[in-house]
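The structure appears below as structure tokens.
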Amino acid sequence: MIAVDRLAKRFGDVVAVDDVTFSAADGAVTGLLGPNGAGKTTALRMIYGLLTPDSGRIEIDGHDQAADPMSSQARIGVLPDQSGLYPRLTPREHIQYYGRLHGLSSSTLAQRTNHLIDLLDLGAIANRRVAGFSHGERTKVALARALVHKPRNILFDEPTNGLDVMSTRTVRELIRNLRQEGCCVLFSSHVMQEVSALCDRIIVIAKG
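In this note's numbering, the protein residues as written are 1000 to 1207.
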């Protein structure tokens, strides 16, 4: 579960997030809906620890993110707005690298790597360097990386933006499966149809 209380962030004179409060429950998909520039990405970046809030409180499964950032971040998987992949690594190497960062044993990591490659249909490209991959292929690799440690809270920032039909279907099916597994899924979008089709709860953000 993710709980946000009176979250705020400014960049100079620009108010990016202004006193935002909400919660996202386990076993449910919660959508952050708003136009581009509304503050969705900034809010998500504070939740997963990339940005420090000016004020407010964030809890991940009851852990205060400010007081215990390592425990909080270990419970989160993130698909950010930019994939941030290493072009010289293969999908398999990306998954294994992030699995080691999360402290997975060799046997668990091997099992998780093979499972995610199968789940996201990465088999044909698993051992190719990601340089030159399509946007959809890069998104799948970033998804696998985010899920390697089996987090109970998953954040998606505009997960289907720019994807083709088949890749969009894969991402949406994955989100539904994560909900069925009891995970807390929080994702942002500016597409009302997508949010209404996937979400159990919708939070509207406008001008922070």
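Just so it is clear, CB atoms sit at the ideal spot from N, CA and C, and this is done for glycine as well.
His-1189 is positioned such that its CB atom lies no closer than 8 Å to that of Val-1140. Distances from the CA of Tyr-1047 to each of Val-1077, Leu-1108, Val-1014, Arg-1099 were compared; the closest alpha carbon is that of Val-1077. Spanning the alpha carbons of Asp-1012 and Pro-1079 requires a straight line of approximately 25 Å. In this structure, DSSP gives Ala-1023 an extended state, which the three-state scheme calls strand. Taking C-alpha positions only, Asn-1113 is separated from Leu-1119 by approximately 10 Å.
About 6 Å separates the CB atoms of Cys-1183 and Arg-1151; that is less than 8 Å, so the two are in contact. In this structure, DSSP gives Asn-1152 an extended state, which the three-state scheme calls strand. Assigned with DSSP and collapsed to three states, His-1062 falls in strand. When the beta-carbon positions are compared, Gly-1098 and Val-1019 stay at least 8 Å from each other.
DSSP places Arg-1128 in the coil class of the three-state scheme, outside both helix and strand. Asp-1163 carries a coil assignment under DSSP once its states are collapsed to helix, strand and coil. Checking the DSSP bridge columns, you'll see Thr-1029 partnered with Leu-1185, Arg-1200.
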